[in-house]
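Trainee: Under our numbering, the first residue of the sequence shown carries the number 0, and numbering increases by one thereafter.
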Amino acid sequence: MEKSNVFSNDEIIRCTVCGKDLMDDIKMSMVQIITDENDKIVRVIPCCKGKCDQILQDEIKESEGNGFRDLSAFINPYLYINNIMQMMDRMFEGKGFANQEAFNAYSDLILNCYQYVSRNLSEEEKEFSKNISLLPL
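1. In chain order, which alpha helix (DSSP H) runs of at least 4 residues are fully inside the stretch 10 to 39?
2. Is there a C-beta anywhere in chain C that falls below 8 Å from the one on Tyr113?
3. When you compare the stretch 26 to 44 with the stretch 95 to 110, are there three or more beta-carbon pairs, one atom per stretch, that lie closer than 8 Å?
4. By Cβ distance, which residues of its chain are closer than 7 Å to Asn4, with the 5 residues on each side in sequence left out?
5. I think Pro76 touches Val116, with their Cβ atoms under 8 Å apart; what is that distance to the nearest whole Å?
6. Pairs of beta-carbons, one from the stretch 14 to 32 and one from the stretch 51 to 65, closer than 8 Å: are there three or more?
7. As a quick exercise: from Lys125, Asn37, Asn81 and Cys14, pick the residue whose alpha carbon is nearest that of Asn65.
8. By a C-beta neighbour count over all protein chains shown, 10 Å radius and 16 as the cutoff for buried, is Gln99 buried or exposed?
9. Tell me whether Glu92 counts as near the ligand SAM, meaning its Cβ is closer than 7 Å to at least one heavy atom of that ligand.
10. Tell me, to the nearest whole angstrom, how far the beta carbon of Asp74 is from that of Cys47; I am working on the premise that it is less than 8 Å.
11. Suppose the cutoff is 6 Å on Cβ atoms and the five residues either side in sequence are ignored; what does the same chain contact list for Arg89 look like?
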């Protein structure tokens, strides 16, 4: 799977259980999304389908909800932005994240998948990005 040059470092999306690079076999990769009784996300867990997924399933508490998405849904351009918009809707409705760890895991997933969704930056865009980042919001 080809990555863009948007980020200078090479981020890898690893299985939480075995450590495998999930992009090596995208069809056998997923993200478990665990929610609490208030439907807030408590964990976002990238993993391999099958054995690793089952290990994580066995650790889910009875009071927690378990959803999942194929990792490929996070690298498809339409579904990528759709996932972000759904999360923004959840946050607006007060059903975002139950803790900082879940928020950070989702943020890392979105950032790491972006390099597979985006195109390469031109030299002009790289320079503009560098300059604009120096300005206050």
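Built from N, CA and C at the ideal position, the CB exists for glycine as well. Predicted, not measured: the structure shown is a model, and the values here were computed from it.
Mentor: Considering the structure as presented:
1. Within the stretch 10 to 39, no run of alpha helix (DSSP H) at least 4 residues long lies entirely inside it.
2. Going by chain labels, chain C is absent from the structure shown, which holds only one protein chain.
3. Between the stretch 26 to 44 and the stretch 95 to 110 there are three or more C-beta pairs closer than 8 Å, enough to call the two in contact.
4. Counting from 1 along the sequence shown, the entry for residue 4 is found at position 5. Exclusion of the five residues before and after Asn4 leaves Asn119 and Leu120 as the residues of its chain whose Cβ lies within less than 7 Å of its Cβ.
5. Working through the sequence shown from its first residue, we reach residue 76 at position 77. Working through the sequence shown from its first residue, we reach residue 116 at position 117. Between Val116 and Pro76 the Cβ distance is about 5 Å, and since that is below 8 Å, they are a contact.
6. Flag = yes, the stretch 14 to 32 and the stretch 51 to 65 touch.
7. The count along the sequence shown starts at 1 and reaches residue 65 at position 66. It is Asn37.
8. Counting from one through the sequence shown, the residue named residue 99 turns up at place 100. Under the 10 Å beta carbon count, Gln99 is surrounded by fewer than 16 other beta carbons and is classified as exposed.
9. Here there are no bound small molecules, and the ligand SAM is not part of this structure.
10. Taking the sequence shown and counting its residues from 1, the one referred to as residue 74 is at position 75. Taking the sequence shown and counting its residues from 1, the one referred to as residue 47 is at position 48. The sequence as given places Ile at residue 74; Asp does not occur at that position. Cβ atoms of Ile74 and Cys47 stay farther apart than 8 Å, at about 16 Å.
11. For the purposes of this step, residue 89 is taken as the residue at position 90 of the sequence shown. Taken in chain order, the residues that qualify are Gly95.
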